[in-house]
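Some notes on the structure that comes next.
2 protein chains.
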Amino acid sequence: MKENIEKLRGRGLKVTPQRLAILEIFKRDRTHPSAEKIYKKISGKYPGMSFATVYNTLSKLVETGEIQELDIDPDKKRFDPYTPMHYHFYCKRCKKVYDIDYGGSFAPDIKKIRGHQIDSIQLNFKGVCEDCIHQRGGRRP
Amino acid sequence: MKENIEKLRGRGLKVTPQRLAILEIFKRDRTHPSAEKIYKKISGKYPGMSFATVYNTLSKLVETGEIQELDIDPDKKRFDPYTPMHYHFYCKRCKKVYDIDYGGSFAPDIKKIRGHQIDSIQLNFKGVCEDCIHQRGGRRP
DNA sequence: TTGGATGCAAAAGATTTGCACTCCC
DNA sequence: GGGAGTGCAAATCTTTTGCATCCAA
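Respectively, the protein sequence lines represent chains A and B. Quick note: the first sequence uses numbering that gives the first Met the number 0, first residue 0, plus one each step. Quick note: the second sequence uses numbering that gives the first Met the number 0, first residue 0, plus one each step.
Dropping the structure here:
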């Protein structure tokens, strides 16, 4: 709790119960949830949370670098609160996003390419995840 | 022309004027166009092309591997007919997508990670492109 | 001939916006 | 007190779908 308050203050954002609830979700949820999933999780326990606030807060958190927006799910935006360098695997069948730890196999510290200023890098793998391959119930999103 | 006909036949797809028009666009357009941009370009010269057909054809071309769907523009899907291994840079300001040639700096030939079957890999860089940095009219999408 | 393609318009999703109200600092 | 944040609903934008018609093989 205190931790989340500090995160917001540190980013220059006002502390509100809605924002704390969203950060709390991220602390437990490593599934790279979409805005809708976050909204549903919260509105279950915390009535009086609107879509607008979820989107609003998420974009503030992305802007300030507290979380990252992933471009990996072709259907919707996914969000990741885990900021150390790592990659992602997206299962086309169950739509789960897995973290892939950074193995140091390429140079992610590039700051410029051909005159373009680089702010972020995403390495995305797509395919079928182990659970889905073995049909262990990983098939449903 | 003949080239495009062969591409479709080779993929087991029926040859229609609409599909040829779309392939023709890709032959000239290296801007990684979205479905809407393709639709607009064609409906200018070729009235009687519907959105449905554009989406339909694009998904067939993606399914068969003739083109690639990029997850790099947070707003919409972009398509790339250039299939050799390469990466992409997305300018947050002008929304252009640039090809970045593959320099062999990491191993893109992985077929499996932790039991997950890998079908495709995308390495995406995001930031501000050279034109936008120097405000050479690259700012408008 | 015949199943795949197309066109149209409506529908479905995801995300954004306008605006009045609220409450954090 | 003031401005950022919130809630609600409507709007926007992208993509999908249903279905009748059409046409390439």
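Glycine included, every Cβ here is placed at the ideal spot set by N, Cα and C. Remember, predicted model here, so these are calculated numbers, not experimental data.
Test: residue i CB closer than 8 Å to a CB of chain B
i: residue 145/A; result: The structure shown has nothing for residue 145/A, since chain A only spans 0 to 140.
i: residue 31/A; result: no
i: residue 73/A; result: yes
i: residue 93/A; result: no
i: residue 126/A; result: yes
Residue-chain proximity (residue i, chain A), Cβ-Cβ < 8 Å
i: residue 97/B; result: yes
i: residue 119/B; result: yes
i: residue 3/B; result: no
i: residue 70/B; result: yes
i: residue 116/B; result: yes
i: residue 12/B; result: no
i: residue 112/B; result: yes
i: residue 129/B; result: yes
Nearest residue (CA-CA) to residue i, options the options
i: residue 132/B; options: 79/B, 91/B, 54/B; result: 91/B
i: residue 97/B; options: 113/A, 58/A, 128/A; result: 113/A
i: residue 35/B; options: 54/B, 17/B, 22/B, 20/B; result: 54/B
i: residue 95/A; options: 57/A, 118/A, 71/A, 44/A; result: 71/A
i: residue 101/B; options: 124/B, 111/B, 31/B, 93/B; result: 124/B
i: residue 129/B; options: 12/A, 117/A, 31/A; result: 117/A
i: residue 28/A; options: 62/A, 68/A, 81/A, 43/A; result: 81/A
Residue i burial status per 10 Å Cβ neighbour count (16 or more: buried)
i: residue 121/A; result: buried
i: residue 50/B; result: exposed
i: residue 48/A; result: buried
i: residue 76/A; result: buried
i: residue 2/B; result: exposed
i: residue 6/B; result: buried
i: residue 58/A; result: exposed
i: residue 65/A; result: buried
i: residue 86/A; result: buried
i: residue 126/B; result: buried
i: residue 74/B; result: exposed
i: residue 10/B; result: exposed
i: residue 89/A; result: buried
beta-carbon residue i near the ligand MG non-hydrogen atom, thresh 7 Å
i: residue 96/A; result: The ligand MG is not among the ligands present in this structure, which contains no ligands whatsoever.
Beta-ladder partner(s) of residue i, from DSSP
i: residue 28/B; result: Its beta-bridge partners do not exist; DSSP assigns none.
i: residue 5/A; result: None, per the DSSP bridge assignment.
i: residue 123/B; result: 121/A, 87/B
i: residue 99/A; result: 86/A
i: residue 112/A; result: 115/A
i: residue 78/B; result: 68/B
Contact set for residue i: own chain, Cβ-Cβ below 6 Å, skip 5 residues either direction
i: residue 45/A; result: 20
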